[in-house]
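Comments concern the structure below.
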Amino acid sequence: MKLVVAIIKPFKLDEVRQALTAIGVHGMTVTEVKGYGRQKGHTEIYRGAEYVVNFLPKLRIEIAVASDVADKAVAVITSTARTGQIGDGKIFVTPIDHALRIRTGETDSDAL
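Under the working numbering, think of the first position of the sequence shown as 3, with each following residue one higher.
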């Protein structure tokens, strides 16, 4: 089992969710986050005053998948979240040692 964590631009969420559902990923956790990478923020003008936006709004998507689906999920997220512009995001994949569905007590792959 793998945990796939993707940081993406907020307006790409619906496309990513639909693409993941199409390959059989049925659950995800989405968190609104702020951060920066190479993009390092930008300046904006609001009511005539210029200010710097250091942390940009992003979404963090977390999905737990079987190991054999992880590469496909990464490929789907990459292709649907890509705009070609700086700040498209990152994807991290980590192993899951154990999973448990609280309601039924199912474990590991059955809990996904």
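Quick reminder that beta carbons are idealized off the backbone N, C-alpha and C, glycines included.
Everything numeric in this text was worked out from a predicted model, so none of it was measured.
Outcome for residue 14 when other beta-carbon atoms lying within 10 angstroms are tallied against a minimum of 16: Position 12 of the sequence shown, counted from the first residue, corresponds to residue 14. The residue in question, residue 14, is buried, as its Cβ has 16 or more Cβ neighbours within 10 Å.
Option nearest residue 86 by Cα separation, candidates 3, 11, 7, 5: Counting from 1 along the sequence shown, the entry for residue 86 is found at position 84. Of the listed residues, the one whose Cα sits closest to residue 86 is 11.
Beta-carbon proximity of residue 84 to residue 7, cut-off 8 angstroms: Counting from 1 along the sequence shown, the entry for residue 84 is found at position 82. Counting from 1 along the sequence shown, the entry for residue 7 is found at position 5. Inclusion of residue 84 and residue 7 in the CB contact set at 8 angstroms is not warranted, their separation being larger than that value.
First through last residue of the beta strand (DSSP E) which encompasses residue 106: For the purposes of this step, residue 106 is taken as the residue at position 104 of the sequence shown. Element bounds for residue 106: n/a, residue is neither H nor E.
Contact belief for residue 60 with residue 78 at Cβ below 8 angstroms, rounded distance in angstroms: What you label residue 60 is simply residue 58 of the sequence shown in a count that begins at 1. What you label residue 78 is simply residue 76 of the sequence shown in a count that begins at 1. Going by Cβ atoms, the distance from residue 60 to residue 78 rounds to 18 angstroms, so no, they are not a contact pair.
From 81, 69, 50, residue whose alpha carbon lies closest to that of residue 20: The count along the sequence shown starts at 1 and reaches residue 20 at position 18. Here the closest residue by C-alpha is 81.
Exposed unless 16 or more other CB atoms sit within 10 angstroms - verdict on residue 104: The residue given as residue 104 occupies position 102 in the sequence shown. Exposure of residue 104 is indicated by the presence of fewer than 16 other C-beta atoms within 10 angstroms of its C-beta.
Residues sharing a beta bridge with residue 94, DSSP: Taking the first residue of the sequence shown as position 1, residue 94 is located at position 92. Note: residue 94 is bridge-paired with 7 in the DSSP secondary-structure output.
Euclidean distance between Cα positions of residue 64 and residue 31: Mapped onto the sequence shown, residue 64 falls at position 62. Mapped onto the sequence shown, residue 31 falls at position 29. Cα to Cα, the separation comes out at about 5 angstroms.
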